[in-house]
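Participant: Once you've had a glance at the structure underneath, I'll fire off some questions.
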Amino acid sequence: PRPILLTRHGESRDNVRGRIGGDSVISDSGELYAKKLANFVEKRLKNEKAASIWTSTLQRTILTASPIAGFPKIQWRALDEINAGVCDGMTYEEIKKNMPEEYESRKKDKLRYRYPRGESYLDVIQRLEPVIIELERQRAPVVVISHQAVLRALYAYFADRPLKEIPHIEMPLHTIIEIQMGVTGVQEKRYKLM
Ligand code: G3H
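The UniProt record's numbering numbers the first residue of the sequence shown as 557 and each following residue consecutively.
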C-alpha cells in the first residue's frame with residue numbers, strides 16, 4: 557500500500573486575522589510548519605522516487621510546499637479553497653453583521669449553501685473529481701497540501717464519511733493525515749507537528 561498524505565497549508569496571515577478566502581502568505585508559525593513538514597516528508601518518503609507534492613494555485617500552499625526538496629510539485633486549480641464569492645476576504649463576524657440572511661442560510665445547510673458568485677461544498681466536491689481519479693491512478697505516494705474545505709471533501713472520500721458530515725469534519729492546522737489504502741480497507745494515522 558502507498559500512502560496519501562493530506563495537510564492544510566501552514567497558518568496564513570488571513571487565518572491569523574480570521575479572514576476567509578484571499579491569497580495571503582503564511583505567518584511565522586506557518587513558516588515553521590512548512591519546515592517541519594519538509595523534514596517529515598523527506599524522511600517518510602526517502603526511498604519513494606516517484607512520489608509527488610500537489611498544491612493548490614494559492615500562495616499559502618505553494619509556500620508551505622517550498623522547503624520540501626527532492627520531489628516534483630504540481631499545482632491544481634481544483635485544489636484551491638472554496639470560493640467565498642462576495643464574502644471573500646471577510647471575517648465570519650462581518651458576514652453575520654453585514655449579510656445576516658447569507659449567514660443564516662449557510663448555517664442551515666452548509667453543504668448546499670452557495671456563496672453569491674462563489675461555490676458551495678457540493679460544487680467543491682464536484683470539481684475534485686479529476687483530482688480523485690488521478691489520486692486513485694497514482695501508484696506512488698502523494699502529498700496533498702490544500703485547504704480546509706477541500707481537504708474535508710477529499711478526506712471524506714477516502715475515509716468513506718457521509719456527504720452531510722463533510723462541511724463539519726475537523727481539519728486542524730499543522731497536522732498531517734496519512735491515508736493508507738490496503739486490501740483490508742483504509743488505515744489512517746495522524747501526525748500533529750506543532
Ligand atoms: O475559507 C474557508 C474555510 O477554510 C472553510 O471553512 O467552510 O467551515 O467556513 P468553512
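We put the beta carbon where it would ideally sit given N, CA and C, even for glycine.
Starting from residue 660, trace the beta strand (DSSP E) both ways and give me its first and last residue.
Facilitator: First-last for residue 660: 656–664, but that is the alpha helix (DSSP H), not the beta strand (DSSP E).
Participant: Could you tell me the alpha carbon to alpha carbon distance between residue 596 and residue 623, rounded to whole angstroms?
Facilitator: Approximately 11 Å between the Cα atoms of the pair.
Participant: Do residue 705 and the ligand G3H come close, with the Cβ less than 6 Å from some heavy atom?
Facilitator: Yes - the ligand G3H has a heavy atom lying nearer than 6 Å to the Cβ of residue 705.
Participant: By Cβ distance, which residues of its chain are closer than 7 Å to residue 614, with the 5 residues on each side in sequence left out?
Facilitator: Excluding sequence neighbours, residue 614 sits near 579, 636, 637.
Participant: Does the contact criterion of 3 or more C-beta pairs under 8 Å hold for the segment 681–699 versus the segment 656–664?
Facilitator: Because the criterion of three Cβ pairs below 8 Å is not met, the segment 681–699 and the segment 656–664 do not touch.
Participant: Of the residues 735, 737, 731, which one's Cα is nearest the Cα of residue 748?
Facilitator: It is 731.
Participant: For residue 603, does the count of other Cβ atoms within 10 angstroms reach 16, so buried, or fall short, so exposed?
Facilitator: Its Cβ having fewer than 16 others within 10 Å, residue 603 is exposed.
Participant: When the Cβ atoms of the segment 642–652 are set against those of the segment 662–677, are three or more pairs found closer than 8 Å?
Facilitator: With the cut-off at 8 Å, the segment 642–652 and the segment 662–677 touch.
Participant: Under 6 Å from any heavy atom of the ligand G3H, does the C-beta of residue 576 make it?
Facilitator: Because some heavy atom of the ligand G3H lies under 6 Å away, the Cβ of residue 576 counts as near it: yes.
Participant: Less than 7 Å between the beta carbons of residue 601 and residue 734, yes or no?
Facilitator: Contact flag unset, no.
Participant: Could you check whether residue 609 and residue 629 sit closer than 7 Å to each other, using their CB atoms as the reference points?
Facilitator: It is a contact, given that the beta carbons lie within the stated cut-off.
Participant: On the three-state DSSP scale, how would you describe residue 622?
Facilitator: Looking at residue 622 - three-state DSSP - the assignment turns out to be coil, as it is neither helix nor strand.
Participant: Are the C-beta of residue 573 and some C-beta of chain C separated by less than 7 Å?
Facilitator: Although the question refers to chain C, the structure presented lacks it and comprises just one protein chain.
Participant: Name the DSSP bridge partner or partners of residue 738?
Facilitator: BP columns for residue 738 point to 741.
Participant: Alpha carbon to alpha carbon, how far is residue 611 from residue 626? Give it in angstroms, no decimals.
Facilitator: Going from the Cα of residue 626 to the Cα of residue 611 covers about 15 Å.
Participant: Within its chain, find whatever has a CB closer than 8 Å to the CB of residue 719; leave out the 5 residues flanking it on each side and keep chain order.
Facilitator: Same-chain partners within the cutoff: 667, 681, 712.
Participant: Using the Cα positions of residue 585 and residue 566, report the straight-line distance between them to the nearest angstrom.
Facilitator: Roughly 7 Å between the two C-alpha positions.
Participant: Kindly provide the ranges of any alpha helix (DSSP H) runs that are 4 or more residues long and lie completely inside the segment 565–598, ordered along the chain.
Facilitator: Whole alpha helix (DSSP H) segments, 4+ residues: 569–573.
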